[in-house]
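Peer 1:
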Amino acid sequence: MLGETRPAAGALWPADEPFVVAVDRWLEPGSVDGDAVGLTSGELSAGLRVEYDPVGPALVVHPNTALRPRLGYVLTIDGSQLVALGGGPGDELRTVSFEAGAPSGWAPPPVPSDAEMAELFAGRCGCHGPAQAVFPTLDRAGLLGVRSQRQPERALVVPGRPMHSQLVLKILADYPGVRGMQKTLTDDERRRIIRWVRHL
């Protein structure tokens, strides 16, 4: 289940950058939390925030406080805490020892505004507004709290929960059980949509 990690074992990693742990399958929505990942330096543990990047797919791990340069750390990933979509947990336990380097100046990507999202959505699909259309307009009013017409058991956008939002599932290539996939977006555009939903 677990793939490449950044940092790699023995690497010097910028103290302000998140860690990335690739996974080789889709993960069950809601199964990704801080219990699967730990970060220690000696006997001290660091608090973490773990996000699921379904575009990767990967876990993106953000320490709650900046790491101390020239200090050694151990990143632990417990695959048994991760649940594959439609399957059971993994069984892999991985530890990666690395040293924190000087900060790189990394900053999280900004959350797109509604206007930026409207520009991204414009021209992606003629089935959606703003003119009379078969499907809802791709804006807050047309997406939040609205059921999918193709799969009414799912909401188009669930604020703060990208993997429970039909809009997000539709933009992920080959996500199982989703009809009407959108495949013309770049990975960067997919991640922008996911950030927007995550911060609604």
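At position 178 of the sequence shown (counting the first as 1) the number is 161 in our numbering, and the numbers step up by one without a gap. C-beta: ideal position from N, C-alpha, C; glycine also.
Please classify G73: is it buried, with 16 or more other beta-carbons within 10 angstroms of its beta-carbon, or exposed?
Peer 2: Stepping through the sequence shown from its first residue, residue 73 is reached at position 90. Buried, since its Cβ has 16 or more Cβ neighbours within 10 Å.
Peer 1: Leaving out the 5 sequence neighbours to the left and right, which residues in its chain are closer than 8 Å to V33 when beta-carbon positions are compared?
Peer 2: Here residue 33 refers to the residue found at position 50 when the sequence shown is read from its first residue. Cβ neighbours of V33 beyond the five flanking positions: V15, D16, G17, A19, V20, L42, V43, V44, H45.
Peer 1: Can you give the Cα-Cα distance for V57 and M(-16), rounded to whole angstroms?
Peer 2: Residue 57 sits at position 74 when you count from the first residue of the sequence shown. Residue -16 sits at position 1 when you count from the first residue of the sequence shown. Going by the C-alpha atoms only, they are around 20 Å apart.
Peer 1: Specify the secondary structure class of E34 as computed by DSSP and reduced to three states.
Peer 2: Numbered from its first residue, the sequence shown carries residue 34 at position 51. Correct three-state label for E34: strand.
Peer 1: For the putative contact between A(-6) and F81, defined by C-beta atoms under 8 Å, what is the C-beta separation to the nearest angstrom?
Peer 2: In the sequence shown, the residue the question calls residue -6 occupies position 11. In the sequence shown, the residue the question calls residue 81 occupies position 98. The pair is a contact, with the Cβ atoms about 5 Å apart (cut-off 8 Å).
Peer 1: Considering only residues of the same chain and omitting the five flanking positions on each side of V94, which have a CB-CB separation below 7 Å?
Peer 2: Counting from 1 along the sequence shown, the entry for residue 94 is found at position 111. Only R178, W179, H182 meet the Cβ criterion.
Peer 1: Could you check what DSSP says for A156 in three-state terms: helix, strand or coil?
Peer 2: Start at 1 with the first residue of the sequence shown, and residue 156 comes out as number 173. If DSSP states are grouped into helix, strand and coil, A156 belongs with coil.
Peer 1: In terms of alpha-carbon separation, which member of A67, R144, D97, G70 lies closest to L123?
Peer 2: The residue you call residue 123 lines up with position 140 of the sequence shown. The amino acid occupying residue 123 in the given sequence is Arg; Leu does not appear at that position. Comparing Cα positions, the closest option is D97.
Peer 1: Which runs of the alpha helix (DSSP H) fall wholly inside the stretch 69 to 148 and span at least 4 residues, in chain order?
Peer 2: Counting whole runs of 4 or more residues, the stretch 69 to 148 contains the alpha helix (DSSP H) stretches 97 to 104, 123 to 126.
Peer 1: How is the beta strand (DSSP E) around V6 delimited, first residue to last?
Peer 2: As a first step, residue 6 is located in the sequence shown; it is residue number 23 there, counting from the start. Here the beta strand (DSSP E) through V6 covers 2 to 6.
Peer 1: Taking the Cβ atom as the reference point for each residue, do P37 and L155 lie within a distance shorter than 8 Å?
Peer 2: Translated into the one-based positions of the sequence shown, residue 37 becomes position 54. Translated into the one-based positions of the sequence shown, residue 155 becomes position 172. The answer is yes: Cβ separation under 8 Å.
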